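One structure is given here, and the rest of the page talks about it.
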DNA sequence: CATTTGATAAAGGTTTTCTTTGTATCAGTA
DNA sequence: TACTGATACAAAGAAAACCTTTATCAAATG
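Residue numbers (this note's numbering), protein chains in the order written: chain A, 1 to 303; chain B, 1001 to 1303.
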């Protein structure tokens, strides 16, 4: 009962014949041509028979090999079907459920970098992305709550507005500078005890006394931010979510950043159990932690 | 185009299902059950799906796996055929052509030790053995000539006889002790210039003057040795070939071993080119050199 | 209840396998 | 013919996969 050895050699061999070149096989396998050559040579040595007639312009199986070729193809075609059935490609996907604002304004803009490095990893974030949503536990959950998980960073909440609105401030009441100006609120800031907004900010830093809870309510930060950029008014927003906008000048912070509130909870990352063993998630989490760390440092600089 | 990874895991998986136990698969693969478990677990981790329902009494594939099982079997059955076609089993064989006497009296008796350690390696020595002879170059050639190759040891040639014959010596001519006693010759000793026999021995050490080339001729040492043990007469024989017989007392050397001739050439080992890369030959050559070294030292002790 | 058998876990070591780097060879082209 | 680009080959060191060992645990067996 001969148990097959040199499986990887056989795989390389089969591919090399199919592709007609070591290079071709190497590309498919995602390794170097030299490695493919070594795989095949090692089998040839083991059998002490030549299997491939090599030439620059294409390969040919030797007679020895030719007799085995049909079975060889059969085998690896079958294995490919196994591969598909067992859903190997799932291991190329990452499914994330996260705080909407954070996902839209922090994660997604930065994700392009990661995907450039890892074009084969597909994402599904809050149900949308490269691949359709799946049933079952997502790979990662990222929220600003106290349910545990690894801390990414704790956000700062600061007032922002469109650049044109700065002028209006200057002309205004010298004591209560914000009095009467249009406020934008996030639904969450109103409803959620732990999500500080204008009310808390005015309470702490002054600048306005009346109607601190009045103004337009937005369902999510992305829309509110859009409005801010159109100079609709003033909002209190996670600094981490708008660092780039501030840098680019599409929005401004009318008060010193020292006048900020601190988020009740940091953003935390929770990994589906078992997920830490999957290579694509290892990569992604590593990148995520590093990128979050960058943000954390930028926030610290602005204190 | 998903290229299949974890080939060995899939192999282990397939075998485990077929055998119904990790242990069974391990035995077939020639590795430990723990290793089989690891192979399969690594795939399960990679896919983050269970594939096998383990229990002491048998394994069952999970539903996930069940769908892939047909293809999995197809694949590895096909690979087995490939294996056979490419003649993997040749790599379990060692084909030796060697000096007949050396093979029969030195190699074969010692070979049992090696085969005990390596029960899967099959031998064909001078056309006979576990497997039939093959066309083409044998893996090893071992002869006492000057055609090059690695030296095993140089034999000493000494007179031997059956234990009962010693008494006859004692009663005999005090000067020419061997005069008139029955001599056994090997055909080679007569025909081959470089194969010293009685003629050369008497010439060098005396003990007999007439008819040193007379007596019975044998085609090979094994038969002659058999006759010696039956006290048929006296022969000159390679010491290495009869060390054990001397030790056991089934034969004796009537003269001090210092009265020996030296073989014209040592035994030399020549490996078929390319053979050094085959694992079974590496093992065997290593064993052979070590064992030959032992013999060499025993010969040196007897000088 | 003791024993045996088989699965599991962790640690450590070994072997494979891969990448890197540099060279040689061939086919097509100027 | 010399040049150029693509490919195969070789060797060495690095990385990853793989295996063994040892010990533990649980079910099956006597």
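Here a beta-carbon is modelled for each residue, glycine too, at the ideal position from N, C-alpha and C.
Keep in mind that this is a model prediction, so the values were computed, not measured.
- The contact set of residue 277/A on chain B, defined by CB atoms closer than 8 Å, consists of 1045, 1046, 1048 in chain order.
- Look at residue 54/A: its C-beta is not under 8 Å from any C-beta on chain B.
- Secondary structure in the segment 221 to 271 of chain A: the alpha helix (DSSP H) runs of 4 residues or longer, each lying completely within the stretch, are 221 to 229, 239 to 248 in chain order.
- Interface flag for residue 95/A against chain B is unset, since no Cβ pair is found closer than 8 Å.
- For residue 81/A, the neighbours in chain B by C-beta distance under 7 Å run, in chain order, 1071.
- Within chain B, the residues whose beta carbon sits less than 9 Å from that of residue 8/A are 1007, 1008, listed in sequence order.
- Take residue 236/A, set aside five residues on each side of it, and the residues of its chain with a beta-carbon closer than 6 Å to its own are 157, 159, 197, 198, 201, in chain order.
- Residue 87/A and residue 80/A have their alpha carbons spaced roughly 11 Å apart.
- Cβ neighbours of residue 1100/B within its own chain (closer than 7 Å, five residues either side excluded): 1126, 1220.
- For residue 274/A, the closest Cβ of chain B is nearer than 8 Å.
- Counting along the chain, the unbroken alpha helix (DSSP H) around residue 301/A starts and ends at 279 to 301.
- Bounds of the beta strand (DSSP E) holding residue 161/A are 156 to 161.
- Take the alpha-carbon of residue 1040/B and the one of residue 298/A: they are about 45 Å apart.
- By the Cβ criterion, the segment 1260 to 1272 of chain B is in contact with the segment 1140 to 1158 of chain B, since at least three pairs of Cβ atoms, one from each stretch, lie closer than 8 Å.
- In the three-state reduction of the DSSP assignment, residue 1186/B falls in the strand class, which pools E and B.
- Taking every protein chain shown into account, the CB of residue 1278/B has 16 or more other CB atoms within 10 angstroms, so this residue is buried.
- When the alpha-carbon of residue 132/A is set against those of 154/A, 97/A, 117/A, the nearest one is in 97/A.
- Between residue 166/A and residue 227/A, the CB-CB gap reaches or exceeds 8 Å.
- According to DSSP, residue pairing for residue 1051/B in a beta bridge does not occur.
- For residue 29/A, at least one C-beta of chain B is nearer than 8 Å to its own C-beta.
- By the Cβ test, the segment 1019 to 1026 of chain B is not in contact with the segment 179 to 194 of chain A, since fewer than three Cβ pairs between them sit closer than 8 Å.
- Between residue 272/A and residue 137/A, the gap from beta carbon to beta carbon is short of 8 Å.
- Under DSSP, residue 1124/B forms a beta bridge with 1095/B, 1129/B.
- Less than 8 Å divides the Cβ of residue 76/A from the Cβ of residue 11/A.
- Listed as beta-bridge partners of residue 150/A by DSSP are 269/A.
- As the crow flies, the alpha-carbon of residue 1260/B is around 57 Å from that of residue 8/A.
- One thing to note: residue 119/A has its Cβ no nearer than 8 Å to the Cβ of residue 251/A.
- Burial is judged here by how many other beta carbons sit within 10 angstroms of a residue's own beta carbon; residue 1233/B has at least 16 and is buried.
- When DSSP states are grouped into helix, strand and coil, residue 41/A belongs to the helix group.
- Taking a C-beta distance under 8 Å as the contact criterion, residue 36/A and residue 43/A do not qualify as a contact pair.
- Taking residue 230/A as the centre and dropping the five residues before and after it, the same chain places the C-beta of 162 closer than 8 Å to its C-beta, in chain order.
- With the criterion set as a beta carbon lying under 9 Å from some beta carbon of chain A, the segment 1107 to 1134 of chain B has no members that meet it.
- For the set 1213/B, 1058/B, 1203/B, 1108/B, the Cα lying nearest the Cα of residue 1242/B is the one of 1108/B.
- If the five residues before and after residue 1215/B are omitted, its C-beta is found closer than 8 Å to the C-beta atoms of 1182, 1183, 1184, 1185, 1198, 1233, all from its own chain and listed in chain order.
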